[in-house]
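J.: Provided herewith is a single structure, encoded as C-alpha cells, for subsequent inquiry.
In the numbering used here, the protein residues as written are 416 to 1110.
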C-alpha cells in the first residue's frame, strides 16, 4: 500500500487552497473532510489531472455552453487569484491605503465564506499555511484587531476565528481528542446489543451475569460486590449474541456507571423486589435517561416470600419509569437471578428490544471503539478492554487512544481466548499500549505508528498548556481565611489502584466528601505498585497512601515506616470511603453545647479565713456540682463566670447537691457574692459532627 498524501500537501504542490482541493475531491467521489484528510497516490493523481483539464482550455468560447457543473465554478474561481497581482501595479500611495479596505472582508456574506478546519494546537504559521497566505499577511490581519501574535504562537481560538472570518474563511474547530474518520463506510452488518446492567448494591447484578454465563464471577469478587467494570459476550442459543457490561452498584461507583451508560444500547435496571427503589437505583435511572437508552426493568428476588413487584413499580413510576402493565412502554420481568427463574424471558426481551432497534455497524474501514477498563500488568504492561463501535480490530493495527499511542500486539476475549480480529460489539482485551489509557477514552485505528505518535504528542502538549493555566491560584475564600487567621483543614491522599476504572470511581467519591471546613486532596494517583517516589511525595506533603487491590513490596513497607508514612490497603472500595469519612469527621471541630445542671439562690454570705466567701444557698432546680462551670446572676445580669471551687453540706465536702437541699458554695476567684444572687451550675458538652451536617 503506497504512502497516503494529505490534502494540505497536495494543495501546496498545486498552489491551490485547501478548500478547492477538498471540493474537487468530493466531486470526484474521493472522501475528504479537512486539510488533514488523506488520499491515496492514485486519488491524488486523479485530482491533479482534474485541475490540469481545467487549466488547458484557457477561455474557449464554447466553454459556457458545456454547462459542466464541475468546471464552471472552477473557471470562475481561478480569475480571483490574480487580483492581488493587479493591485501591485497600483501606485504606492494607493497601495498603502489598501489595508483600510479590509473592513470589507470583515462582513462577508455567510454563504461566501470558505470553510476551513483549525485546532487548538495550530500556530499562526500553521494557520497561514493552511489558507495559503503568507505569515506576514496573516500577522497584519491580527494587528488590525489589535491582537499581537508571533509566528510560532498558538493564538486564542476565538480570536483566530474572528481574524479568519475577516479574510473570508469560516473557521471550524476540530476536536483533536476525537480523530476524524475520513473513511466512507459501506459494509454495514447487524451487531450484538451492548447491555449495561445497573442498580443498587446487592440487588443481584453480578448474580444475573453469573447465571447467564454459568460462571462463578461473584466468587472472585471481594465482598460479593463487583470491583471494576467487566465486559462479557454471551451467546444465547438460537437467538444471537449479547454483550453485557457489569457496572458496580455501590454509591462509590457513580463515575463508572455513568461511563457504562454512554456506550450501551440499553439498560437492564435491576431492582430488588424486597428493598424496592434505592438511591443507586435512582442514579442508574438518571444515567440511562441522560444517555438516551431504553430501560428494561428486572425485578429480582422472586424466590423470596417478601417479594413485592407492585410496590417496586409504584416507586419506579415516581421516577418516570412506567412499565407496560402500568400504562407505560417500559418492558419489565420478574426474575430470580439466584434460582434462574425467568432469566430466559429477560434475555428474550433484550433480543426483542435489539430487533426493534435494528442495530448494525460498519465492519469495513479502520476500527473505532471505547475503552471500558484499563489495567497495568507487571508482565505485559498497559492493557485495556475495548468495545469496537465500527470497523474491524486486527492484530498489528496502529492506534491512538486518548493520549496513549500503540500497536495491537495481541487480543483476547473475556475467556482469555486469543483473537486475530474483532468485529463491532465484541469486547476484547488489547495489549500494546505505549502509555496507560483512561477508561472511557476513544480508541481509533490509524494508518501507522508515526501518525499515532504525532497525535499523541499534540494532545499531550495541549493538556500540558491547559494544565499551566489551572491550579495554584488563590481564591477569595482562601484570602478570607488567611486574613482571619483560619486554616482550612486538608486531608492529603496518594491513591494507587490495580485498574484505572476503580481509581476513577474512588477519586470521584472522595472529591464529593469535601466541605467548607475540611477538604480532601488527591495529590497523586496512578495504576500499579507503590514506589519510592510515592513515599517521598507523601513525606514531603504530609499525605497518606491508599492502596486498592495491590500489594506493597516489603522494601516499600520499610521505606514508609522509616519516613513515618501511613499506608492503608483495601480490597473493597466502599471500605475506603467509610474509613476516609471517619477520618474527615475526626478532623472536624466538635460542636459545643451548653447544658444547665442546676440553680441555687444565695440566702446568706459568710467569709471564712483562708477560704474566702462562702455563699449559703438553697438549690432551687437540678443539681449543683463541684468543679462544674458556674455563673453568678444578679438582677438578671451575669456578673461573673468561673468555676465552683468548693461545695459543702454542713461541714462535709460533697460532690453535688440536689434540688431542695441547702449547701455552702465557694466560687473560684470571686468573693463579691450578694444575698439574692443566683448561682447557675452548667457544663459544656461536645458532640462529634458528621460530614452531612457541614455540607
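Note that the Cβ used here is the ideal one computed from N, Cα and C, for glycine as well.
Keep in mind the model is a prediction, meaning the values are calculated, not measured.
Mind checking who residue 800 pairs with in its DSSP beta bridge?
T.: In the chain shown, residue 800 corresponds to position 385, counting from 1. DSSP output for residue 800 lists 788 and 844 as bridge partner(s).
J.: Looking at residue 685 and residue 711, is the spacing between their C-beta atoms short of 8 Å?
T.: As a working mapping, residue 711 is identified with position 296 in the chain shown. As a working mapping, residue 685 is identified with position 270 in the chain shown. Going by C-beta atoms, residue 711 is not nearer than 8 Å to residue 685.
J.: Quick check on the DSSP output: the alpha helix (DSSP H) that includes residue 932 runs from which residue to which?
T.: Counted from its first residue, the chain shown places residue 932 at position 517. Premise fails: residue 932 is in no alpha helix (DSSP H) and is neither H nor E.
J.: Taking 7 Å as the cut-off, is the C-beta of residue 717 nearer than that to any heavy atom in the ligand MG?
T.: With respect to small molecules bound, the structure shown includes none, and the ligand MG cannot be examined in it.
J.: How would you call residue 622, buried or exposed, if buried means at least 16 neighbouring beta carbons within 10 angstroms?
T.: Residue mapping note: residue 622 aligns to position 207 of the chain shown, counting from 1. It is buried - the Cβ of residue 622 has at least 16 other Cβ atoms within 10 Å.
J.: Span of the beta strand (DSSP E) holding residue 1028?
T.: Counting from one through the chain shown, the residue named residue 1028 turns up at place 613. That run of the beta strand (DSSP E) goes 1027-1040.
J.: Exposed or buried, which one is residue 568 when buried takes at least 16 other CB atoms within 10 Å?
T.: The sequence position of residue 568 within the chain shown is 153, counting from 1. Result: exposed.
J.: Taking only the alpha-carbon atoms, compute the straight-line gap between residue 721 and residue 748 and give it to the nearest angstrom.
T.: For this step, residue 721 is matched to residue 306 along the chain shown. For this step, residue 748 is matched to residue 333 along the chain shown. C-alpha separation (whole angstroms): 17 Å.
J.: Provide the residue span of the beta strand (DSSP E) that contains residue 626, from first to last.
T.: Here residue 626 refers to the residue found at position 211 of the chain shown. Where residue 626 is concerned, there is no enclosing beta strand (DSSP E), although the alpha helix (DSSP H) it sits in stretches over 620-628.
J.: Would you call the CB atoms of residue 778 and residue 839 closer than 8 Å?
T.: Numbered from its first residue, the chain shown carries residue 778 at position 363. Numbered from its first residue, the chain shown carries residue 839 at position 424. Taking 8 Å as the Cβ cut-off, residue 778 and residue 839 qualify as a contacting pair.
J.: Would you list the one or two residues that DSSP bridges to residue 1061?
T.: Residue 1061 sits at position 646 when you count from the first residue of the chain shown. 1081, per the DSSP bridge assignment.
J.: At the level of alpha carbons, what is the spacing between residue 872 and residue 822?
T.: One-based indexing of the chain shown puts residue 872 at position 457. One-based indexing of the chain shown puts residue 822 at position 407. C-alpha separation (whole angstroms): 16 Å.
J.: Under 8 Å Cβ to Cβ from residue 966, same chain only, skipping five residues before and after it: list those, please.
T.: Stepping through the chain shown from its first residue, residue 966 is reached at position 551. Contacts found: 944 and 984.
J.: With a cut-off of 8 Å on the beta carbons, I'd call residue 1106 and residue 999 a contact; round off their distance for me.
T.: Locating residue 1106 in the chain shown gives position 691, counting from the first residue. Locating residue 999 in the chain shown gives position 584, counting from the first residue. The Cβ separation is near 6 Å, so the contact holds.
J.: In three-state terms, what does DSSP make of residue 981?
T.: For this step, residue 981 is matched to residue 566 along the chain shown. Note: residue 981 maps to coil in three-state DSSP.
J.: Which residue wins for smallest C-alpha separation from residue 1089, given the options 1064, 1097 and 1053?
T.: Stepping through the chain shown from its first residue, residue 1089 is reached at position 674. It is 1053 whose Cα lies nearest to the Cα of residue 1089.
J.: What does the alpha-carbon distance come out to for the pair residue 1032 and residue 1048?
T.: Along the chain shown, one-based indexing puts residue 1032 at 617. Along the chain shown, one-based indexing puts residue 1048 at 633. The straight-line gap from Cα to Cα measures roughly 14 Å.
J.: Under 8 Å Cβ to Cβ from residue 819, same chain only, skipping five residues before and after it: list those, please.
T.: Residue 819 sits at position 404 when you count from the first residue of the chain shown. Result list for residue 819: 797, 848, 849, 850, 851, 852, 856 and 871, in chain order.
J.: Check the C-beta distance from residue 807 over to residue 782 and give it rounded, since I have them as a contact under 8 Å.
T.: Along the chain shown, one-based indexing puts residue 807 at 392. Along the chain shown, one-based indexing puts residue 782 at 367. With a Cβ gap of about 6 Å, residue 807 and residue 782 count as contacting.
J.: Check whether the segment 1034-1043 and the segment 1057-1064 touch, using three or more Cβ-Cβ pairs below 8 Å as the test.
T.: These segments touch.
J.: Is DSSP giving residue 1100 helix, strand or coil here?
T.: Taking the first residue of the chain shown as 1, we reach residue 1100 at position 685. If DSSP states are grouped into helix, strand and coil, residue 1100 belongs with the strands.
J.: Can you give the Cα-Cα distance for residue 706 and residue 694, rounded to whole angstroms?
T.: Translated into the one-based positions of the chain shown, residue 706 becomes position 291. Translated into the one-based positions of the chain shown, residue 694 becomes position 279. So the alpha carbons of these two residues sit roughly 19 Å apart.
J.: Can you tell me the Cα-Cα spacing of residue 437 and residue 422, whole angstroms?
T.: Along the chain shown, read from residue 1 onward, the residue named residue 437 stands at position 22. Along the chain shown, read from residue 1 onward, the residue named residue 422 stands at position 7. Cα to Cα, the separation comes out at about 7 Å.
J.: One question on the structure: do residue 766 and residue 651 come within less than 8 Å of each other, judged by their Cβ atoms?
T.: For the purposes of this step, residue 766 is identified with residue 351 of the chain shown, where counting begins at 1. For the purposes of this step, residue 651 is identified with residue 236 of the chain shown, where counting begins at 1. Their beta carbons are under 8 Å apart, which means residue 766 touches residue 651 by this criterion.
J.: To the nearest angstrom, how far is it from the Cα of residue 559 to the Cα of residue 447?
T.: Position 144 of the chain shown, counted from the first residue, corresponds to residue 559. Position 32 of the chain shown, counted from the first residue, corresponds to residue 447. Taking the straight line from one Cα to the other gives about 33 Å.
J.: Using the Cα positions of residue 980 and residue 917, report the straight-line distance between them to the nearest angstrom.
T.: To locate residue 980, count along the chain shown from 1; it is residue 565. To locate residue 917, count along the chain shown from 1; it is residue 502. Cα to Cα, residue 980 sits roughly 23 Å from residue 917.
J.: In the structure shown, what three-state DSSP assignment does residue 762 receive?
T.: If you number the chain shown from 1, residue 762 lands on position 347. Looking at residue 762 - three-state DSSP - the assignment turns out to be helix.
J.: With DSSP run on the structure shown, which of helix, strand or coil describes residue 832?
T.: On the chain shown, position 417 is the one that residue 832 refers to. If DSSP states are grouped into helix, strand and coil, residue 832 belongs with coil.
J.: Report back the beta-carbon spacing between residue 1114 and residue 813 to the nearest angstrom; my notes put them in contact at under 8 Å.
T.: No statement about residue 1114 is possible, as the shown extent of the chain runs from 416 to 1110 and does not include it.
J.: Which word fits residue 795, buried or exposed, when buried means at least 16 other C-beta atoms lie within 10 angstroms of its C-beta?
T.: Walking along the chain shown from the start, residue 795 turns up at place 380. With fewer than 16 other Cβ atoms within 10 Å, it is exposed.
J.: At a cut of 8 Å, does the segment 1012-1023 reach the segment 1092-1101 through at least three beta carbon pairs?
T.: Yes, the segment 1012-1023 touches the segment 1092-1101.
J.: Just to confirm, are residue 959 and residue 908 a CB contact at a threshold of 8 Å?
T.: Here residue 959 is taken as the residue at index 544 of the chain shown, counted from 1. Here residue 908 is taken as the residue at index 493 of the chain shown, counted from 1. Result yes, Cβ atoms of residue 959 and residue 908 sit closer than 8 Å.
J.: Relative to the C-alpha of residue 709, which candidate in 678, 786 and 459 has its C-alpha closest?
T.: In the chain shown, counting from the first residue as 1, residue 709 sits at position 294. The shortest C-alpha separation from residue 709 is found at 678.
J.: Quick one: give me the first and last residue of the beta strand (DSSP E) that residue 1022 is part of.
T.: Stepping through the chain shown from its first residue, residue 1022 is reached at position 607. From DSSP, the beta strand (DSSP E) with residue 1022 extends over 1006-1023.
J.: Return the chain-ordered list of same chain residues with a C-beta closer than 6 Å to the C-beta of residue 425, the five sequence neighbours on each side being excluded.
T.: If you number the chain shown from 1, residue 425 lands on position 10. So the list reads 436 and 459, once near-sequence residues are dropped.
J.: So, are the CB atoms of residue 787 and residue 854 less than 8 Å apart?
T.: Taking the chain shown and counting its residues from 1, the one referred to as residue 787 is at position 372. Taking the chain shown and counting its residues from 1, the one referred to as residue 854 is at position 439. Yes, the Cβ-Cβ distance between residue 787 and residue 854 is below 8 Å.
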